[in-house]
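Residue numbers (the working numbering): 146 to 284. See structure below.
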C-alpha cells in the first residue's frame with residue numbers, strides 16, 4: 146500500500162502499521178499517484194514533475210517533466226504514462242528514455258476522465274461535451 150499526501154510518500158506492508166519507507170520526493174505537494182506495475186510507482190506534483198519510484202528498492206528510478214500541468218494521469222501499458230492537461234489534449238509519455246510524447250486532440254471539451262487498456266494499445270478520453278473518444282496508440 147502506498148500513500149501520498151502533501152509532499153510525502155509512504156510505503157506500507159500489510160504486516161505493520163508503520164511505514165516501511167517514507168520520503169519527500171519534491172518540495173511541492175504531490176497531486177497524484179500512479180501504479181505503473183507491481184514494483185514501480187509514479188508520483189506527480191504541482192511543478193509538473195513526475196518521479197518514478199522502485200517500490201522494492203525504496204529508491205527513485207528516474208523522472209520526467211510533463212509538457213503541461215496534469216489534470217489526470219494513469220498508467221498506459223508497460224513503461225508509459227497517459228496525461229491529460231487543460232489544453233484538452235492527452236499525451237502518452239514514455240517513462241524512460243528521451244522519446245517525445247505522443248499527443249492526441251481529445252475533442253471532448255474539458256477532460257474529466259482518462260483510461261488506458263492494460264497493454265496501452267488503446268486510450269479513452271471523456272469530457273464535458275458528453276463525448277467518449279478512443280484512440281489507438283503504437284506499442
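For glycine and all other residues, C-beta sits at the position ideal for the given N, C-alpha and C.
Residue range of the unbroken beta strand (DSSP E) whose run includes residue 207: From DSSP, the beta strand (DSSP E) with residue 207 extends over 204 to 210.
Between the CA atoms of residue 199 and residue 252 - distance to the nearest angstrom: Between residue 252 and residue 199, the C-alpha separation is close to 35 Å.
For residue 181, the three-state DSSP class (helix, strand or coil): strand
Segment contact, 8 Å Cβ cut-off, at least three pairs: the stretch 155 to 168 with the stretch 206 to 225: no
Beta carbon of residue 229 nearer than 8 Å to that of residue 256: Contact flag set, yes.
Of the residues 231, 238, 212, 215, the one placed nearest residue 222, counting alpha carbons only: 238
Option in 195, 220, 177, 275 with minimal Cα separation from residue 183: 220
Beta carbon of residue 241 nearer than 8 Å to that of residue 177: no
Residue 258 burial status per 10 Å Cβ neighbour count (16 or more: buried): Its Cβ having fewer than 16 others within 10 Å, residue 258 is exposed.
Exposure label - residue 215; buried when at least 16 CB within 10 Å: buried
Test item: CB-CB of residue 211 and residue 197 under 8 Å: no
Distance between residue 227 and residue 264 (C-alpha atoms, nearest Å): 12 Å
Where the beta strand (DSSP E) through residue 235 begins and ends: 234 to 239
Straight-line Cα distance separating residue 161 from residue 283: So the alpha carbons of these two residues sit roughly 42 Å apart.
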